[in-house]
Amino acid sequence: MKKLFSTAIAVCFCVAAYAQIEKGKIIVGGNVEFNTLKINSQFDQKITSLNLGPTIGLFVGKNTALGIGLNYNYRKEAPQQQTNAVNGVITITEIGGSKYNLYGVSPFLRQYIDLHEKIKLFGELNSSFMFGKSEVIVPDGIYDNNTKMTIYRAGISPGIAFFPHKKLAIEFKAPLFTYHGEKHKYENRSYDDTSTHQLSFGSDLNRLSLGVNFHF
């Protein structure tokens, strides 16, 4: 986890018409997240992921914003490499990896609470619907066993926003409640379709995100 955190880059930019978050103001922004993880064990593997999410929202009331985002998620788990030494001869065996590309939309509702002119608490209700395709990478590098993926997510995330300047806000946010549903439909009909559902509750500081917001 320490290696993942040290190589993760997560930056969220939001641009608003004014520093005051009042009814009728528009917020435009998005997020970019890039992660790399190299696992060194009996089976060496490199995992790469990229998440992009432009957003646009409208303050429907003072301190209340309603908006929607677009999502693109990419993840590649390179084939695992197993190193063996037999009678002084070293051999490397590859075990298949996978990759996927997902596209989707994410509506959200955010409510701010004023603590100080430079500090605001907020709660965010968010959801997302994504679809795409997952492919298995077999050892010779060919993609096979394509799978259609559908993902549903919903969650509640509390956070705090600090305004060191009227045009700049720094945010910290962590999920409090999360639902994740996932369906896999295999193109190779010799495999049975699968679905998973997961609920989690409680602040996960391992998923703490940092946001930098600019207000104009």
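Mapping the sequence shown onto this note's numbering, position 162 (from 1) lands on 167, and the numbers just tick up by one. The beta carbon of each residue, even a glycine, is placed where N, CA and C say it ideally should be. Bear in mind the structure is a predicted one, so any value in this text is a computation, not a measurement.
- Between the beta-carbon of glycine 160 and that of tyrosine 184 there is about 7 Å, and that keeps the pair under the 8 Å contact cut.
- Within the same chain, Cβ atoms closer than 7 Å to the Cβ of leucine 120 are found at Leu126, the five residues on either side in sequence being excluded.
- If you check the CB distance, isoleucine 31 and leucine 63 come in under 8 Å.
- Counting along the chain, the unbroken beta strand (DSSP E) around glutamate 38 starts and ends at 31-44.
- Taking a C-beta distance under 8 Å as the contact criterion, asparagine 56 and glutamate 38 qualify as a contact pair.
- Residue pairing by DSSP places serine 139 opposite Tyr105 and Thr152 in a beta bridge.
- Counting along the chain, no beta strand (DSSP E) covers alanine 83, and no H or E run does either.
- Membership of lysine 178 in the beta strand (DSSP E) is indicated by the continuous run 173-178.
- Distance between isoleucine 142 and serine 162, taken at the CA atoms: about 35 Å.
- Taking 8 Å as the cut-off, the beta carbon of tyrosine 157 is found no closer than this to the beta carbon of phenylalanine 182.
- In the displayed model, arginine 194 falls within coil according to three-state DSSP, outside both helix and strand.
- When the beta-carbon positions are compared, phenylalanine 168 and leucine 215 stay at least 8 Å from each other.
- When the five nearest sequence neighbours on each side are left out, the beta carbons in the same chain lying within less than 6 Å of the beta carbon of glycine 102 are those of Glu82, Ala83, Pro84 and Ile142, in order along the chain.
- Here DSSP, grouped into helix, strand and coil, assigns glutamate 187 to strand.
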